[in-house]
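Using UniProt numbering, read the sequence shown as starting at 1 and increasing by one per residue. C-beta: ideal position from N, C-alpha, C; glycine also. Data first, discussion second: the structure below is written as structure tokens.
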Amino acid sequence: MRKRIVYLAGLALMAMDLGATTTVEPVNAAIADPIQTGKKLNLTRSAYVYNKRGVRVGRLKKGNMCKIHVIKVINGATYVKIGKNRFVKQEAFLPYVKSARVENIIKKNSYIYNENGEKIPGKFVKRGTKVDYLGHKEINEKPFIQIGDGEYVKAFNVLTIMVNN
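Below is the structure:
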């Protein structure tokens, strides 16, 4: 989930590109996985305890300290072995993060341009309108955001924000 948020934040920053660079190279951010064998971790939420067949056999409360023995997939879900024939779902150790989405809002009335940077007659977007982000492109050395098929808006006129669901 963290990688997805870092990726979305990178997209948001690229959408607000000020034209300083013309090439965009992907950056792989290394995020250390907090769940590793041999570590002791606290549960970040209450969780059920399962046996090796994926059947509930108990419950643990938030804050309990557990030693990670093995990470195993049972019936398609990822479990962490915390004792002899005792497993807890991996999500119980991960920090609770709401999913985030990116919204693009027009800051001021803007003309819509074609892929050559020419205004499309009679087409514009009003202030406060939410638009889809379909990519960005530099036209005549100016940053644009694609909002439709062959339709672009100047990047300076778009406010990109991340909203938690």
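Distance check between I35 and each of I71, Y48 and A47 places I71 closest, using alpha-carbon atoms only.
Straight-line spacing of the CA atoms in E118 and F93 works out to 53 Å. Apart from sequence neighbours up to five positions away, the residues of its chain that approach T129 with a beta-carbon distance below 6 Å are I106, ordered along the chain. A distance below 9 Å separates the beta carbons of Y113 and Y152. Nearest to K123 by alpha-carbon distance, out of R56, G58 and Y111, is Y111. When secondary structure is reduced to three states using DSSP, E141 falls in the coil class, being assigned neither helix nor strand. Bounds of any beta strand (DSSP E) do not take in E115, whose DSSP letter is neither H nor E. Ranked by Cα distance from Q90, the options T44, G38, A9 and G148 are led by T44. A straight line joining the alpha-carbon of V80 with that of V73 spans about 9 Å. I68 is positioned such that its CB atom lies closer than 9 Å to that of K40. Per DSSP, T129 lies in no beta strand (DSSP E) segment and is marked neither H nor E. With 16 or more other Cβ atoms from the protein chains shown falling within 10 Å of its own Cβ, A47 counts as buried.
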